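Chains as they are written, first to last, in the working numbering: chain C, 1016 to 1141; chain S, 63 to 247.
Glycine included, each C-beta is placed from N, C-alpha and C at the ideal position.
Remember, predicted model here, so these are calculated numbers, not experimental data.
Worksheet for the structure shown next.
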């Protein structure tokens, strides 16, 4: 599978999905008006990856901002990961948040309570 | 017809307006407003926690306008804006006030008001549960909104959503949403 690498913009995050390493990263700002358009290729890609995943998949989420429209798309990404985890593969989500950003921590906890995949909340101390 | 969409602002005496816009709300405009206001928050040395809350609320308010404004009445002064809205950001002593305004068709007023009232009578815990429920159960609408914007604003600010509907004519009202982002929350 070809990796997906997308450079970030002021409204969309940097994406690095590498199936050969089982490492996925979403980083930066995710505030587009049309988030479905941005996230659909990622969700489709994960659908393919889900067919033959590595034993261990690590997902790093390092978001500075995301809008409510992205929040649903990010949930769709996590639902694919949940399916991979359900099929007896290791999946780990590292949810990064800046030390004073309780809103971002709470957002991670929202997903943790909805998705049955182990989450690690990691505080970034500057 | 004497209908002035800006008259609402003259009733708000306190604070220092740092940004005002009136006109069409498109994607480029949203980028510009976010850039400008973020620049002012940084220049004003605001604490990153307050800066982020203001930025988040601004994103949701502008995108609410982008996804949900109804069309302007036929005799309104601005007939060129496809998505007409107004926005003011005001610096106050203990935080920032963000006010938006847009036309809402008479048929949609009751539904919107009911939604706001439901949010306003909920506790923080109830709002968090409501947010999670909508996140998990509601699909993105044909308009592109997720139905989460107002809930998210209430959750992040911890404040009631102040609002007002000003009747324009039998078919249309102008809707003001007035949000305070406190530096102490």
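Cα separation between residue i and residue j?
i                       : j                       : result
residue 72 of chain S   : residue 1076 of chain C : 44 Å
residue 1055 of chain C : residue 1090 of chain C : 12 Å
residue 1105 of chain C : residue 76 of chain S   : 56 Å
residue 1073 of chain C : residue 1099 of chain C : 12 Å
residue 111 of chain S  : residue 1117 of chain C : 9 Å
residue 149 of chain S  : residue 81 of chain S   : 8 Å
residue 230 of chain S  : residue 64 of chain S   : 10 Å
residue 218 of chain S  : residue 1138 of chain C : 19 Å
residue 1030 of chain C : residue 1080 of chain C : 15 Å
residue 1096 of chain C : residue 1042 of chain C : 17 Å
residue 1128 of chain C : residue 1045 of chain C : 21 Å
residue 1084 of chain C : residue 122 of chain S  : 9 Å
residue 210 of chain S  : residue 216 of chain S  : 10 Å
residue 138 of chain S  : residue 234 of chain S  : 11 Å
residue 83 of chain S   : residue 1058 of chain C : 37 Å
Name the chain S residues whose beta carbon is nearer than 7 Å to that of residue i?
i                       : result
residue 1028 of chain C : Within 7 Å Cβ-Cβ: nothing; residue 1028 of chain C doesn't reach chain S, min ~14 Å.
Consider the Cβ of residue i: report whether some Cβ of chain S lies at a distance smaller than 9 Å.
i                       : result
residue 1025 of chain C : yes
residue 1090 of chain C : yes
residue 1116 of chain C : yes
residue 1097 of chain C : no
residue 1059 of chain C : no
residue 1084 of chain C : yes
residue 1022 of chain C : no
residue 1010 of chain C : The requested residue 1010 of chain C is not part of the displayed model; chain C covers only 1016 to 1141.
residue 1066 of chain C : no
residue 1121 of chain C : yes
Answer with buried or exposed for residue i, where buried requires no fewer than 16 other C-beta atoms within 10 angstroms of its C-beta.
i                       : result
residue 116 of chain S  : buried
residue 164 of chain S  : buried
residue 146 of chain S  : buried
residue 167 of chain S  : exposed
residue 132 of chain S  : buried
residue 1053 of chain C : buried
Listing by chain order, which chain C residues have their CB less than 8 Å from the CB of residue i?
i                      : result
residue 198 of chain S : 1090 and 1129
residue 218 of chain S : 1118
Output, in chain order, the set of chain S residues within a Cβ distance shorter than 8 Å of residue i.
i                       : result
residue 1048 of chain C : 89, 92, 125, 128, 129 and 206
residue 1125 of chain C : 190, 193, 194 and 197
Whose Cβ in chain S lies nearer than 9 Å to the Cβ of residue i?
i                       : result
residue 1080 of chain C : 114, 117, 118 and 121
At least one CB of chain C closer than 9 Å to the CB of residue i: is that the case?
i                      : result
residue 143 of chain S : no
residue 193 of chain S : yes
residue 213 of chain S : yes
residue 174 of chain S : no
residue 149 of chain S : no
residue 180 of chain S : no
residue 159 of chain S : no
Identify the contact partners of residue i in chain D, using a Cβ-Cβ distance below 9 Å as the criterion.
i                      : result
residue 110 of chain S : The chain labelled as chain D is not found among the protein chains of the depicted structure, namely C and S.
In chain C, which residues lie with their C-beta within 7 Å of the C-beta of residue i?
i                      : result
residue 210 of chain S : 1083 and 1086
Start-end ranges of the alpha helix (DSSP H) lying completely within the stretch 84 to 151 of chain S, minimum 4 residues: 89 to 105 and 110 to 130
Could you pull out every unbroken beta strand (DSSP E) segment of at least 3 residues lying fully inside the stretch 150 to 206 of chain S, listed in chain order? 157 to 167
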